[in-house]
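Here is the structure we will look at, set down as structure tokens.
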Amino acid sequence: MSVEDIKRNSQGLRGKIAETLASDAPLFEENEFQLLKFHGTYQQDDRDQRVQLRKEGKDRYHMFMVRSKIPGGMVTARQYIVHDEMADRFGNGTLRITSRQGLQTHFVLKGKLKDCIKTINECGLTTWGACGDVVRNVMASPVPLKTPAHEDMWALSRELADVFTAHSHAYSDIWLNGEKLGLGPTYESEEEPIYKDVYLPRKFKFGIAVPPRNDVDVYTQDLGLVPHVEDGAVAGYTLIAGGGMGMSHGKSNTHPSLGKPLFYVDRAHVVDACVAVVGVQRDHGNREDRKQARMKYLIEKQGIEWMRKETIARMPKEAAVSDPKPIAWSTTGDPLGWNEQGDGKLFLGLWIPEGRIKDLEEAKYRTGLREIAETFGFPIRFTPNCNILFTDIEPGQKDEVDALLKKHGIPSHETMSEARLLGMACVALPTCGLALADSERVFQELLDEIDVHLRELNLDGEPLLFRMTGCPNGCARPYNADFAFVGKSPGKYAVFVGGSHRGERLGRLERKMVGLDDIPALVRAYLDEYVASREEGELFSDWWGRTRNYTAPSFEQFHEESAAAV
Ligand code: HEM
Ligand code: SF4
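Under the numbering used here, the first residue of the sequence shown is numbered 51, with each subsequent residue one higher.
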């Protein structure tokens, strides 16, 4: 059955999930597998064990990834501690901060799935809508600055998360014994005013950023939002529509896209505008071919002017819509280390390797973070770069926190190259069923080697953006990085170069297939050229734009090796 039919015939995303959950069946069938995503969980298997189990004539080792949905990445210390406990009770003893500010628990067995999801709801969060063809976790810059733009952005992220929560009671019926959702509204009627009876053609992603920090990567979102302040308050938002990272190797009609400015709308009608955009995609998005179903392809086919008209036609007449406003970005990175919030308090940005919270031999991230949460109770925010911010810290507490970090061997960001701090890698093996190569598990070692070159060239303070994924789906947003390594087959990667650490430019395919061990030398060749011909103080991103005569990317450039590759 097609995914469209599965959704249509699912009785509000129920299918036979409850029956299979209650049965002895070791796994869910294809139809339920698809529906489970809407409930925030992926059925997976441990790919490290596949070969051995096959040799022994045994079935795969099936388990689940459970994704907690966290608008703006904001949790209380208590919610963090609950997740930390869950990692032992239900998972593999680690937690994964995701590139969309959520938290994932991996290796959850079927028998523990219900308990796991219930526990997340009992602490006031949810997994409902964390995956599936709906509006996913709403991203918002987590930097806790007390400015009108930031305050309004967080309010809007919660409004959007509520407005786009599916009304079906399937989730509470299946996982919560009919009780209320941990996060977000529950509705009397199960009728879906936004999702109707077949939900959206594909996932839909919102992200809000306050210039000049493009930490949520607004151009990679289906709909990015940027606030504009007038007279000390947010007057409206510029909407940026049609971003999306996914593509398929060798399928020339698939490619990453950056969003395009749609329009500026007054604050009172921002939510109306978002509902209208999602409505256009619901009614006109491609439902025949899932590889063409994201809104970026609709906009490409019909044009941004058509999108503007269709959207405005669905908005209230009194909405004040005008041309998008100019926006300038400085970085996609996070503010790490100690910073002021602007209200007399401090926040601390901690770099987490690949967002995987676990105890390493030298750095006890998991124990250390938990002790900080337990001792001080600081509110926590997960960043879109898979790092952590502890917020609302009194200046007098700084030394005690520093002492705790030292006790657990958690390194200061000052000891690391800028490239390492900015870098991001997706989960990939062994849990992701779509991975063609490793990503998270090899990224730090790859950066160790690249760091040697950076030090030699005196570039360790340079904001170079490296991103890596285990397949072309693009979960770590690779295609707008300065350098991206995208898995093709075990140990082999396609290399893209020439995005920007500000997130507003796509790179191009330089090499179709490079062995993992050969990547550092290839990077070195680009850096040599950069060092030799850059202008005084010129950043790599800007040097690339100048020397490569950068124009808007053509779609072929993601599939054909660049003739000018080094
Ligand atoms: C066709 C496209 C895509 C498919 C089929 C897909 C599928 C998946 C799967 C199966 C996982 C689970 C990996 C694991 O935890 O074991 C995953 C993780 C994730 N994906 Fe995707 N994905 C796609 C594109 C994207 C894109 C473009 C983004 C964001 C720009 C994204 C964001 C995420 C996030 C936040 C995670 C959690 C882990 C992480 O941070 O790497 N996905 N995806
Ligand atoms: S990019 Fe590919 S390998 Fe990495 S998590 Fe996403 S789907 Fe899996």
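Positions of the beta carbon are idealized from the N, C-alpha and C atoms, including for glycine.
- E390 in three-state terms, based on DSSP: strand
- Can you give me the start and stop residues for the beta strand (DSSP E) that M113 sits inside? H112 to S118
- Contacts around K538, its chain only, beta-carbon distance under 7 angstroms, and the 5 residues preceding and following it disregarded: Non-local C-beta neighbours of K538 in its own chain, meaning closer than 7 angstroms and more than five positions away in sequence, comprise H299, L486, A487, A544 and M563, ordered along the chain.
- Task: Output yes or no for whether 8 angstroms exceeds the beta carbon distance between K77 and H112.
- Result: The question names Lys, yet the displayed sequence has Leu at residue 77. Yes, these two residues count as a Cβ contact at 8 angstroms.
- Would you kindly work out how many angstroms separate the C-alpha atoms of D449 and W388, rounded to a whole number? 11 angstroms
- Message: Shorter than 7 angstroms, the distance from the beta carbon of C525 to the closest heavy atom of the ligand HEM, or not?
- Response: yes
- Query: Within this structure, are the beta carbons of V315 and F254 separated by less than 8 angstroms?
  - Reply: no
- Close-in-space but distant-in-sequence residues of the same chain around T169 (CB under 7 angstroms, 5 per side omitted): Excluding its 5 nearest sequence neighbours in each direction, T169 has C-beta neighbours in its own chain below 7 angstroms: V132 and M136, listed in chain order.
- Under the three-state reduction of DSSP, which class applies to F214: helix, strand or coil? DSSP, read as helix, strand or coil, puts F214 in coil.
- Query: Expressed to the nearest angstrom, what Euclidean distance is found between the alpha-carbon atoms of V320 and L210?
  - Reply: Those two C-alpha atoms are separated by around 10 angstroms.
- Message: Please give me, in chain order, every unbroken run of the beta strand (DSSP E) with length at least 3 that falls completely inside the segment 245-331.
- Response: Whole beta strand (DSSP E) segments, 3+ residues: 256-258, 273-280, 283-291 and 310-316.
- Whose C-beta lies closer than 8 angstroms to the C-beta of T215 among residues of the same chain, with five residues either side of it excluded? Here the set comprises W178, G179, L231, G234 and P235.
- Task: Using alpha carbons as the reference points, say which of A259, A283 and E280 lies closest to L273.
- Result: A259
- Task: At 4 residues or longer, and completely inside the segment 393-427: list those alpha helix (DSSP H) runs for me, N to C.
- Result: 415-426
- Task: With M466 as the anchor, note down where its alpha helix (DSSP H) starts and where it stops.
- Result: No alpha helix (DSSP H) holds M466; DSSP gives it neither H nor E.
- Item | Length of the line joining the Cα atoms of R139 and V158 | 9 angstroms
- Item | Meets three-Cβ-pair contact criterion under 8 angstroms: the segment 239-256 and the segment 529-538 | no
- Indicate whether F313 and V371 have their beta-carbon atoms separated by less than 8 angstroms. yes
- Query: What residues in its chain sit with their C-beta under 7 angstroms from that of W593, if we drop five residues either side in the sequence?
  - Reply: Counting only Cβ-Cβ distances below 7 angstroms, and skipping sequence neighbours, we find Y580 and R584.
- Query: Tell me which same chain residues have a C-beta within less than 6 angstroms of the C-beta of I167, skipping the five on either side of it?
  - Reply: T177 and W225
- Task: Out of G123, A613 and I500, point me to the one whose CA is closest to V188's CA.
- Result: G123
- Task: Over the uninterrupted alpha helix (DSSP H) stretch that includes A575, give me the two end residues.
- Result: I569 to S583
- For the beta strand (DSSP E) that Y92 lies in, which residues bound it at each end? Counting along the chain, the beta strand (DSSP E) containing Y92 begins and ends at T91 to D95.
- Continuous alpha helix (DSSP H) stretch holding F88: start and end: Where F88 is concerned, the enclosing alpha helix (DSSP H) stretches over E80 to F88.
- Message: Quick check: what's the CA-CA separation for S73 versus L589?
- Response: Cα to Cα, the separation comes out at about 58 angstroms.
- Message: Considering Cα atoms alone, identify which of K395, H305 and K375 is closest to V279.
- Response: K375
- Message: With H, G and I counted as helix, E and B as strand and the rest as coil, what does DSSP make of L497?
- Response: helix
- Task: Compare the C-alpha of R358 against each of W379, A323, Q342 and E368 and name the closest.
- Result: A323
- Query: How about F493 and T441: do their beta carbons lie closer than 8 angstroms?
  - Reply: For the pair F493 and T441, the CB atoms are not nearer than the 8 angstroms cut-off.
- Query: Roughly how many angstroms lie between the CA atoms of Q352 and I290, to the nearest whole one?
  - Reply: 16 angstroms
- Message: Between S550 and chain B, is any beta-carbon pair separated by less than 8 angstroms?
- Response: Annotation note: the requested chain B is absent from the structure, which comprises a single protein chain.
- In this structure, does DSSP put Y221 in helix, strand or coil? Y221: helix per DSSP, three-state reduction.
- So what does DSSP say about T441, is it helix, strand or coil? Correct three-state label for T441: strand.
- If you run the structure through DSSP and keep just helix, strand and coil, what is V502? helix
- Item | Y347 in three-state terms, based on DSSP | helix
- Message: Quick test of your reading: R263 and T381, contact by CB under 8 angstroms. State the CB separation rounded to the nearest angstrom.
- Response: 6 angstroms
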